[in-house]
Amino acid sequence: MRRRIRRGSESFCSSRALSLNIFRLICCVISFYRQASYYNSLRDKNGIIVYAVANYLIHLFLAAALLAVFFRAYTWMTPYDEVLLIRQGNHAAMLSLGGALLGFSLTIASSLLHTRNYQEFFAWAFGAMIVQALAYAIASRTLKNAKDQIESGNSAFGGLLGAIALAIGGINAACVS
11 MRRRIRRGSE
21 SFCSSRALSL
31 NIFRLICCVI
41 SFYRQASYYN
51 SLRDKNGIIV
61 YAVANYLIHL
71 FLAAALLAVF
81 FRAYTWMTPY
91 DEVLLIRQGN
101 HAAMLSLGGA
111 LLGFSLTIAS
121 SLLHTRNYQE
131 FFAWAFGAMI
141 VQALAYAIAS
151 RTLKNAKDQI
161 ESGNSAFGGL
171 LGAIALAIGG
181 INAACVS
């Protein structure tokens with residue numbers, strides 16, 4: 011039976027509702043951004059388009075929101091509390107979580123570079139999130155006693171999980187292009 015460490019107020023998110031609210035906020039930002047009147051309001055007197063800055067900020071916000079959703083999903087999926095273990099100085103948890111975040115970030119970066127619109131970006135990022143989660147599930151089942159190894163602070167094991175996540179993220183990023 012899988013037992014989870016109870017997460018208190020120290021956890022990144024307290025419920026699944028936060029992920030849903032982030033998604034709703036992202037959809038609202040996208041719909042506002044795509045309105046033609048918004049584009050026209052961002053032009054200055056000389057006709058130079060100033061919405062490049064707004065476009066940058068929206069991309070940055072969306073990428074950060076997706077990373078936060080991935081962080082929440084990944085920490086929910088694992089049978090141990092990474093944040094608590096990291097606060098206690100557990101290097102294995104840091105290596106495992108850090109590799110997963112870096113691997114997912116590679117795909118986010120590649121998606122931002124190679125997609126034409128926000129719908130494609132979300133599709134690739136969501137697909138990458140699923141692949142990263144599947145990679146963790148397969149790796150933790152293939153490598154026995156993952157929970158015990160991470161909780162005991164086995165840095166080599168945490169590094170291996172992080173390296174697997176980073177490798178999968180790199181392959182994901184290359185596939186997006």
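Read in our numbering, the sequence shown has 167 at position 157, and its numbers run on one by one without any break.
In this text, a Cβ means the ideal position worked out from N, Cα and C, and glycines have one as well.
Spatial distance of residue i from residue j (CA atoms)
i	j	result
S120	V186	6 angstroms
I174	F136	19 angstroms
I178	Y84	15 angstroms
L153	L170	10 angstroms
N164	V93	16 angstroms
F81	Y146	13 angstroms
N155	S162	11 angstroms
G99	L144	27 angstroms
A64	R126	16 angstroms
A73	A62	16 angstroms
H101	W86	19 angstroms
Buried/exposed call for residue i, threshold 16 Cβ in 10 Å
i	result
M139	buried
D91	buried
Y66	exposed
T88	buried
Q129	exposed
S150	buried
R97	exposed
F71	exposed
Close Cβ partners of residue i (< 6 angstroms) along its chain, the five nearest in sequence each way excluded
i	result
T117	A138, G179, N182, A183
K157	P89, Y90
Anticipated Cβ contact below 8 angstroms, residue i with residue j, distance rounded
i	j	result
A103	L95	4 angstroms
F114	Q142	5 angstroms
F131	L122	7 angstroms
S106	I160	6 angstroms
Own chain residues within Cβ distance below 8 angstroms of residue i, not counting five before or after
i	result
G108	G172
Contact set for residue i: own chain, Cβ-Cβ below 7 angstroms, skip 5 residues either direction
i	result
L76	I118, A135
H124	V186, S187
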